[in-house]
Structure formats: C-alpha cells, structure tokens
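Engineer: My questions will all concern the structure given below.
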Amino acid sequence: MGTTNSPSARESSCPDYIICGCPVGHLDNATKCHVTDVDYTIEKLRGLVSDSVTGDQVTRISRLLCDYLREIGDEGYVSFDPSADAIQPIKHLPAVMQVLDFLARRSRGIDDYRAHLDRMLQLCSRPPLLKRTSESLISSVVMEQYFTLLGHLLMILPNEEQRQQICDAVDCLLIGRARLTNVAAVKMDFRRCAVENSRLPIIVVELLETALPKTYPMVLRLAFVLASVSYQCCYRMLEAGILNTLLTRMDLPYATQMHCIKPPDILLEGEEYPWDIMLLITNLLWNLMKSILPPRTLPENLSNLPSPKQCAMWGLRYSFKRHILHGQYCAANLRIRNDIAALILVGIMALPSWNLASSGIAEDIVDLLSAIESGSTKIWMEDVKFSDSEEDFFFKRILLMIIAHLADIDIYVFVMKKAMITPIILRIIRFCMRNKNDKGYSSSLILLEHAMHILSLLASQIAAEFVKRRGTLTLCAIVDQVVKTKFDECLAMIFARTICSMTLQGDALLLEDFRKNNMIPLLFNLSDNVLALEKLTMRRQRILTLLLTALESLLKKQTYVQQMYGERGVKIVTGIFVKCLYQKNEDSQVDQRLLLATGCYVWECIARCPNNLQIFLKAGGLYSMLDIIETTGYPVRCLYLGALTDMCDCTFCGPFLCTWRGADKKTGLMSLLASVWRQEEDRLGIKRRANGCIADPELPQMSTHQWTDTYRSKFTADVSPTIVDMLGSLQSKIFSILKIIERDEDKYEAVAEHYKILLNNLPTEDRITLCCVDMYLRLKLGQMWTELSRYLMQAGIAPLIVDAQLIAHMVQWHRSWGIFIEERQKKLVADAKRAEAFLEMEEFVRIRDSKLAPTLEALGEVEHIRRTTDRSYMLHKKDCQRRQVNAALSFPQDADVERCHRTFSDKTNVTVVFGQHQSIDSSHLKDLTCDLMELLPVSPPDSSSEKTFPVLDASGASGDTLLREDLFTDEYLIECLNR
C-alpha cells in the first residue's frame, strides 16, 4: 500500500459545511421530509436519472434530491445500508455517483440542478459512512470508483468554482480536517489506498497537459496533494508522463510563445508565474523525484522510465537560466533557482536516462562553475554576480555535485573536456585554499572537497590535458603547503583521498608525472606529520591508510624508486606497527584497514626488494609482523602470512624467526603457525577431536563449503572447489612457510644450535597439528582427483578402463593419507601419555627416595612440642579440660543420686592415671528380688589401683561420700593431665 511510505501530509483547509439549502418551493412539506425513507429516495433517484425518459422530470428529481439531502444532513454519504441485517453490496454511494454525474451534465441548462449539485459537492468533502469498520475491506472497489468519478467531474464541470469544490473535497478526503470526523467514516488509510488504485492520478496528469494558464495552478495543487500523501500516486503520475508536462510548462513565456522549440539566447518577455506557483511546481517535482530516489526500489513499470522529451528539457533549461538571472534581484527567485538546481541533481541520480547534453544544461552548468572562483557570470549577455551568502553557497555546492555525478558518463566527460573544465577546477581549488583562513573556512573547505572529488574522477579520463595544464604541479604545491603549515586534519584527509583515488586508477602518464614532480617525498612527509601526533584517532588512521595506498601505487614495479625511498618506507611502516601494537589510553581502536594497507605496502615495496627487506629485518619489522599475526583476525593474517612467505623465499630470515616469542614469552614460530592453523580449521568448519586429532580420516582437511560444492553442487569445467578453497586460505600460506624452512634446513640447523628454536620443546597439540600441515598438499591433490572422478560421472563421460583404474587408484591412494595422519597423531598422543606417566613415576620415586614420610612425622612432633610448651597454650587447654569434666559431672538438682554416674564423653581429652579403675553402680537396673551382686571393676582385676582405692560399693556408700569423691577425682584428673 503506497500510503505506508507516504510523506507526512500537510494540514488541510477544508471549508465549513452549510445545512442543505434546497429551493423554497420544494420545502413546503417539512413533515414529509422528516419521515423520508432514505433508501427508497436514493434508489428512486437512481432510477429516474438513469432512464432517458424520466431524466427530464426536473420537478420530481429536484423534490427527491431535496428530501434526500435534508435527511442525510451534514454527515456525508452512506456506503452501506445501516438498516440491513447483513452486509450487502454498497448501496448509496453508487447511486450518489450516478446522480452526481447526471447533475454535472444537466446543470448547465437547469438552474434548479445547480443548487443541488453545489450541496452534493460540499458533501463530497465528507468521507462516506460505514455501519462497521470491517465493511471497508469490501468497499475498496466502490471507493476507487468514487475517486475516479471526482476526477471525471473535474473534466466535465464548466464552472471553475465547482471544479475548485472537487479539489477541496479531494484535499479533505486525503489529508483530513482539523476537527474529528464521524467515527463511522471510512478511515484515512483506506481512502488513500483507494485513490492510489483509482484513475484520479492519471486524470490529473491529463488535466495538467490541457489546462489553461488560469486553471493550471488549481490542478497543480491537486497534483501536489496526491504526491504528498502517497508514493504510489507519484509512481502512477510519473508513468503517465507528468514530468514532460511540468517541465515543458515550467517557464510560462517559453511554453506559450515557443512551445517545443530550442530556446533562444535572449530573455523572452511576457507574463510569468507568481513566485508561489513556481514554488508549488518545484515542490511537486521534488515529491515526485523523492519517491524514486535510491535506495528505494522502483516498480517494474518505472524501471525503464524514458528521459523527458527534448522540449521538456528545454523548458527546464530556460526556467533555470531565467531564475539565475532574476535571483540577484529577488530572494524568492534565489530559492527557486536553488530548487531547480537540486531537481537537476536528483533527476540524474534517480533517472540516469535524463539527457542533459543535448538540451545544453550540462554545458550551462560547466560555464557556471567559473562563477565560484570569479564571483560573476553572464546569462543572456547580462552580468550575474554571486555573493558569500548561504543561498549562493548552496547553489555553488549543488553545481559541483552535479558535475561530480556527470563525471562518470562518457558523453558528459566529452562536454567537460570541450569546455576545458580542468583549469576551472584548478582555479576553484586555489581559490578555496586562499580563503580557508577567512571567516568562511567551513564553506571553503566544503567547496574544496567537492572540487577535489571532481578532479579525482576526471584526472584519469583527461590525463593529457591535466598534465598539460600542470595540474600535478598544482597539487604538489598545495600538498607541500599542507605539510609545512600547522597540521590540518580536514585538509590532510581531502588531499590524501584525492591523490589515493587518482593513483589507484593506474594511468601511466599520471603516475609518471606524480613521480617527476616529487609527490612521493611529500606523501612521506605528510605521513611523518601524522605519526608525530600524540593521539592516533580513527580519522588519522584513515589518512595513513590513504597515504600508504597512494605510495604503494606510485612505487609499484619501480625497483629503483623503491630502493631510493627504502629507508623512509621502512621507517613509516615500523612507526605504524609501534602505534598499533603499543597503544595509549587516548588512542582509538586500531582500524583493520590501516593494517591491511601497511601489509600491502610491505608485500609490494619491501618483501620483493632485497635491499629494502634487509633494512626492514634489521629494524625489527619482522618481529612486529609476527606480533600482528598473533593478535589480529583472518583478513590481516591472510595478507601478512602471504608477505611473510615471500620474505622467507627471498632471503634467509632464520635468526628472526627463531628468536621471536609471543606475548607470553614462550610461544615460538611453530606454535604460532599451529595455533593459526587450528583457528583456520574452525573458520572453515573442519572437525577435530578433543585431543586435536582429525575427526574424519576420509576427508581430514575439507571445509564445509568445499564439501557442499563437491558433493551437492554440479561441477563446471572452469571452477574447482579445491582451488577456490585454497585461494585466500591461511593453510596454503602456512604450508608454504614450513616447506621453505625445510628447504633451508641446513641453515636453520646451524641457527638452531645457537638459538634453540623451532621444534624444541614443542607442545603435543602443536605436533599433532603439524601432521596435517605436512600432508596439506597431498590431501588437496586427493581432493582434486575426487573432483575429477565426480565431474566425469556428472558429465556422463566414461573413461578408458586404464584411465578409470588410474583415477580410482589415485583417489584411494590419496585417501590413505588421512589414515596415515590419524595413526601418526594417535602415536603422538600415546607417546605424550607415556612421557607424562614416566615423569609422574620419576617424581614419585624422587619423593620416595627423599624419605619425606619420617621427616613429616618428626616435623609434626617438633610442632607439637613447640605448641605444648607455650604457657598460653597450656592454660587454654587446661580450661578446655575443666569445662569438659564439669560438663560430665553436672547433674540436675532433682536427680536421683543412685542414677548419677561419671561417664565422660568419648571426646574428652583425659587419660587414666596410675591405671585406676572405677566401679559403676547398676543395682537399680536389676530385679529387686535378686540378691545384690558385687560390681565388676572397670579396670583389670590385676590393676594396682585396688591397693590404693577400695572397690566402690553402691549399697554402702552415702551421698556425701560420693560428692567428696567426685570433687577429689575431678581435681586429681586435671592435675594429672597437666603434668
């Protein structure tokens, strides 16, 4: 639905409605009017007006109209029968449409019909009423017919006031009133959806084409209402050719005096549109163009929208020049001039088919560029001056943006070259550089940025003229000015972006002229200025990225120039490495694009130049590269590993590779490469076991994407999933580095004796990974044989028996490498477990031989003596013992003495003194009829305590004797424990 994306509609100015003003002669029976059956009346009216015989009964039709209008009042037409029990086809509105069409055709000759028509047109401003909201879902067709009828009435009504009533009604229906309408009215969204699907937008375009100058503004306002509420209406009007009509009639004197004729180079005199009508035209055009601006997706019927006709572009050009001329006298014309310039820009952006070359608009815009620097131009032999006002600044900026957009199209490049645009752009650049210190710094900087962008787009296409006009020398002089003055981040960004864009286009003449005019040392100086700043912000990182990219393009395949600036390049690169690896708190996060640009420069200008590479190695650049590989992600690693491969192939890097250590000061080169390999396996979806061994012996190094392309997709003759997988893969680069190290094995062995590097003390996990690295090429060859076999099968090609056997044998042979890797890895795991068990056994033997158990016992005794000889410790333990004894001897006051005994807790810290024993009275536990038996002693019968303490007999002991004995035993036990 177009209304969902429609722009915000403006406020409506609907008129207040009046009560029905039926002729007095038809209002004599007021009682009858109040009891009129509305359904019967409207159906009767439809029957009368649709019949050619009864259509001439003016009195009867007028009376029925009066009754109907008096009955419905001000609420509007009813779309459904409110008294019906079920929803039925729309009843009132189709009849009302027939009556409206009848009155519009007959009102010219019959005065009675004019009053009824005016009243019904007033009611058209009110939305139709529904019995329930859901009825709007099935009333869309009738609503579309209703809006189509309103457009039809615009074409047949002779009275301008009545046509204005139609326009006001559409305005009220689509934009709404300030006060609330009836809750039963059709909702705004459904009304807008209905007008989108009606023929009203098409009818409006037809009216714009045929309207007289007097009625043209009224139709313009109606078109603006449609364009402001719905993009779908904009699409339908564009498809109907509204642009041709609006642009052709944009300048009234040209449209009336020289229709579809090339405009002359003189000012045509005549009546012009008022400034408010011109603003209405530009606003309508803006709404139309805004609906098709990117990134909005165009409907299929507009995808091939043709360019406006030649006469339409001529009308646009003439109106544009007229308002440029009048803009110096009237502020309203300034605004219209800027609006037209913006419409030209939007037009070529939204509809590339616009032809500005044949109409002369492109040439006029190039000529207007000189006014940016000189401040004046000529329009029809009259001088037009420009100031530093905001309106003129906006106009200049729009002109530059139009040129920048046209610079990609060959026909416009030819026009610009013919108009000698290069010196104009260079003068604008110098003008902006002179004025950048004035109060208009920001505006000059914006114009400078646009001019530099145009230069970067045109330089390679008109390189010969650019060199001839000494454009490179001008740029070098300005860059030198930027380098020698206080660092300006905005200027540095503008020139870095421009020079980078110009060098990346690869024009040999332009690159040679840059080298000839010493652009390379200027870029190095600018890079030094950026690195010398304390903070490395994100924008400064972007400047360094652009500068390094430009330097790489200038130094590419220039061995002599690379050697000339080798030390400066290494200094810049190592400085960037230091800034990125050792960041300060105030620095921004490292931009990965800066690391990529630095890596490209190292690969192109250092790794492939032996002299520069030696300087780079001595400066410690290789250590920084490995640090970056350890800490960054896939894109940077891929680039840096590729550069490292060429470095190792170009020269012997053993001392640096052997002595590098990671952030933990333990990780070596091999561990780093193994770790990167495992992370690459995770990225590709290659499965591993928990111990690092391969999980699929059949396809141990095939990624998920490669497996899908190999076994699920159809092969083509020019694409190999294996080769595609190897391109951009870290695994191929790691394999190459290890094979280069194996190639220089003798040199590395000599270094190993001094540095103790590479495979020494390598963790088991890394050794397991290196098994896959070592067999990488063979596994990939096996995958290629598998692809060949499947391709022949899919193509239906049956090879010879010998060839088929060879292919099957090669596939099987290469798959056996997976089993070989698995066995090797299992052996490494088993060896690691045995080594771990052996180390544990050695440790156990060492502990046993050291006789630590007796030593620990002796140490415990010494610790016990130390604790027990401490007085505070002794007092504390005595207090604890006393509390424990008292707790065991505390009997309740009402307890039976015969039932109380001294049974201590098993946790009480007491010992038997002198082998004493005690007897426990348990006579109360026995039958009273039984004879009393002697208590058994607690201590052995041969205890010496029998001589010291008599046996305690419960039958002969008294309470006092037991109490004294308890106190004595308590004190005696405590004293004995403390001895």
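For the sequence shown, the residue numbers in the numbering used here are 224 to 1202. Here a beta-carbon is modelled for each residue, glycine too, at the ideal position from N, C-alpha and C. Please read all numbers here as calculations on a predicted model, not as lab measurements.
1. Under 8 Å between the Cβ atoms of residue 615 and residue 683?
2. Rank 575, 793, 992 and 858 by C-alpha distance to the C-alpha of residue 844 and give the top, closest one.
3. Please give the ranges of any alpha helix (DSSP H) in the region 461-525, keeping only runs that are unbroken, at least 4 residues long and fully inside the region.
4. To the nearest whole angstrom, what separates the beta carbons of residue 923 and residue 1002, a pair I think is in contact under 8 Å?
5. Contact defined as beta carbons within less than 8 Å: I believe residue 413 pairs with residue 453. What is the distance between those atoms, to the nearest angstrom?
6. Compute the Euclidean distance between the alpha carbons of residue 487 and residue 545, then round it to the nearest angstrom.
7. What three-state label does DSSP hand residue 434 in the structure shown?
8. Leaving aside the five residues before and after residue 648 along the sequence, list all residues of the same chain whose C-beta is less than 7 Å from its C-beta, in chain order.
9. Any contact of the region 573-592 with the region 511-524, i.e. 3+ C-beta pairs under 8 Å?
10. Since residue 368 contacts residue 320 with CB under 8 Å, what's their CB separation in whole angstroms?
11. Whose C-beta lies closer than 7 Å to the C-beta of residue 1008 among residues of the same chain, with five residues either side of it excluded?
12. Hey, would you say residue 748 sits closer than 8 Å to residue 695, going by beta carbons?
13. At the level of alpha carbons, what is the spacing between residue 1043 and residue 1071?
14. I'd like to confirm the pairing. Which residues does DSSP put opposite residue 599 in its beta bridges?
15. Alpha carbon to alpha carbon, how far is residue 536 from residue 526?
16. Excluding the 5 residues flanking residue 445 on each side, which residues of the same chain have their C-beta closer than 7 Å to its C-beta?
17. Identify whether residue 386 lies in helix, strand or coil by the three-state DSSP scheme.
18. Once the 5 residues before and after residue 387 are set aside, which same chain residues still bring their CB inside 7 Å of it?
19. Once DSSP output is grouped into helix, strand and coil, what is the label at residue 352?
20. Could you spell out where the alpha helix (DSSP H) holding residue 900 opens and where it closes?
21. Can you tell me the Cα-Cα spacing of residue 933 and residue 904, whole angstroms?
22. Just reading off the alpha helix (DSSP H) that residue 815 is part of, what are its end residues?
23. With DSSP run on the structure shown, which of helix, strand or coil describes residue 939?
24. Would you check if there are 3 or more beta carbon pairs closer than 8 Å linking the region 559-566 to the region 499-512?
25. Sort out for me which residues DSSP pairs residue 408 with in a bridge.
26. Would you please state the rounded distance, in angstroms, between the beta carbons of residue 1218 and residue 626? I believe it to be under 8 Å.
27. According to DSSP, simplified to helix, strand and coil, what is residue 333?
28. Just tell me which of 365, 450 and 756 has its CA closest to the CA of residue 350.
29. So the alpha helix (DSSP H) residue 642 belongs to, where does it begin and stop?
30. Is the region 628-639 close to the region 583-602, with three or more CB pairs under 8 Å?
31. I need the boundaries of the alpha helix (DSSP H) containing residue 675, first residue and last residue.
32. Where does residue 917 sit, in a helix, a strand or coil, going by DSSP?
33. Is the region 684-704 touching the region 716-733, taking contact as three or more C-beta pairs under 8 Å?
34. Alpha carbon to alpha carbon, how far is residue 601 from residue 581?
35. Cα-Cα, which of 538, 521 and 287 is closest to residue 470?
36. So, with DSSP's three-state summary, where would you put residue 911?
Structural biologist: Straight from the coordinates:
1. Counting from 1 along the sequence shown, the entry for residue 615 is found at position 392. Counting from 1 along the sequence shown, the entry for residue 683 is found at position 460. Between residue 615 and residue 683, the gap from beta carbon to beta carbon reaches 8 Å or more.
2. Mapped onto the sequence shown, residue 844 falls at position 621. The shortest C-alpha separation from residue 844 is found at 793.
3. 465-471, 475-480 and 498-513
4. Residue 923 sits at position 700 when you count from the first residue of the sequence shown. Residue 1002 sits at position 779 when you count from the first residue of the sequence shown. About 6 Å; that satisfies the 8 Å criterion.
5. For the purposes of this step, residue 413 is identified with residue 190 of the sequence shown, where counting begins at 1. For the purposes of this step, residue 453 is identified with residue 230 of the sequence shown, where counting begins at 1. At roughly 12 Å, the Cβ-Cβ gap does not stay under 8 Å, so residue 413 and residue 453 are not in contact.
6. If you number the sequence shown from 1, residue 487 lands on position 264. If you number the sequence shown from 1, residue 545 lands on position 322. Spanning the two alpha carbons is a distance of roughly 12 Å.
7. Residue numbering aside, residue 434 sits at position 211 when the sequence shown is read from its first letter. Reduced to three states, the DSSP call for residue 434 is coil.
8. Reading the sequence shown from its first residue, position 425 is the one you call residue 648. Only 674, 677 and 678 meet the Cβ criterion.
9. yes
10. By one-based count along the sequence shown, residue 368 stands at place 145. By one-based count along the sequence shown, residue 320 stands at place 97. Their Cβ separation, rounded to whole angstroms, is 7 Å, which keeps residue 368 and residue 320 in contact under 8 Å.
11. On the sequence shown, residue 1008 is found 785 positions in, with the first residue counted as 1. Around residue 1008: 1030, 1033, 1034 and 1037.
12. As a first step, residue 748 must be located in the sequence shown, where it is residue number 525. As a first step, residue 695 must be located in the sequence shown, where it is residue number 472. Against a cut-off of 8 Å, the Cβ pair of residue 695 and residue 748 comes out as no contact.
13. Mapped onto the sequence shown, residue 1043 falls at position 820. Mapped onto the sequence shown, residue 1071 falls at position 848. Using only the alpha carbons, I get a separation of about 42 Å.
14. In the sequence shown, the residue the question calls residue 599 occupies position 376. Its beta-bridge partners are 608.
15. Numbered from its first residue, the sequence shown carries residue 536 at position 313. Numbered from its first residue, the sequence shown carries residue 526 at position 303. Going from the Cα of residue 536 to the Cα of residue 526 covers about 20 Å.
16. Sequence index remark: in the sequence shown, residue 445 carries index 222 (1-based). Hits under 7 Å: 390, 393 and 427.
17. Locating residue 386 in the sequence shown gives position 163, where the first residue counts as 1. Residue state, collapsed to three classes: helix.
18. The sequence position of residue 387 within the sequence shown is 164, counting from 1. Result list for residue 387: 441, in chain order.
19. What you label residue 352 is simply residue 129 of the sequence shown in a count that begins at 1. Residue 352 falls in the strand class under three-state DSSP.
20. Position 677 of the sequence shown, counting from 1, holds the residue named residue 900. That run of the alpha helix (DSSP H) goes 892-907.
21. Position 710 of the sequence shown, counted from the first residue, corresponds to residue 933. Position 681 of the sequence shown, counted from the first residue, corresponds to residue 904. One C-alpha to the other measures close to 18 Å.
22. Counting from one through the sequence shown, the residue named residue 815 turns up at place 592. Element bounds for residue 815: 815-824.
23. In the sequence shown, the residue the question calls residue 939 occupies position 716. Correct three-state label for residue 939: strand.
24. yes
25. Start at 1 with the first residue of the sequence shown, and residue 408 comes out as number 185. For residue 408, DSSP records a beta bridge to 352.
26. Residue 1218 is absent from the model: the chain starts at 224 and stops at 1202.
27. The sequence position of residue 333 within the sequence shown is 110, counting from 1. If DSSP states are grouped into helix, strand and coil, residue 333 belongs with coil.
28. As a working note, residue 350 is residue 127 in the sequence shown. Answer by Cα proximity: 365.
29. Residue mapping note: residue 642 aligns to position 419 of the sequence shown, counting from 1. Per DSSP, residue 642 lies in no alpha helix (DSSP H) and is assigned neither H nor E.
30. yes
31. Here residue 675 refers to the residue found at position 452 of the sequence shown. Run containing residue 675: 664-681, per the alpha helix (DSSP H) assignment.
32. The residue labelled residue 917 in the question sits at position 694 within the sequence shown. Here residue 917 sits in strand by DSSP.
33. yes
34. Here residue 601 corresponds to residue number 378 of the sequence shown, with the count starting at 1. Here residue 581 corresponds to residue number 358 of the sequence shown, with the count starting at 1. Distance between the alpha carbons of residue 601 and residue 581: 21 Å.
35. Counting from 1 along the sequence shown, the entry for residue 470 is found at position 247. The shortest Cα separation from residue 470 among 538, 521 and 287 belongs to 538.
36. The residue given as residue 911 occupies position 688 in the sequence shown. Here residue 911 sits in strand by DSSP.
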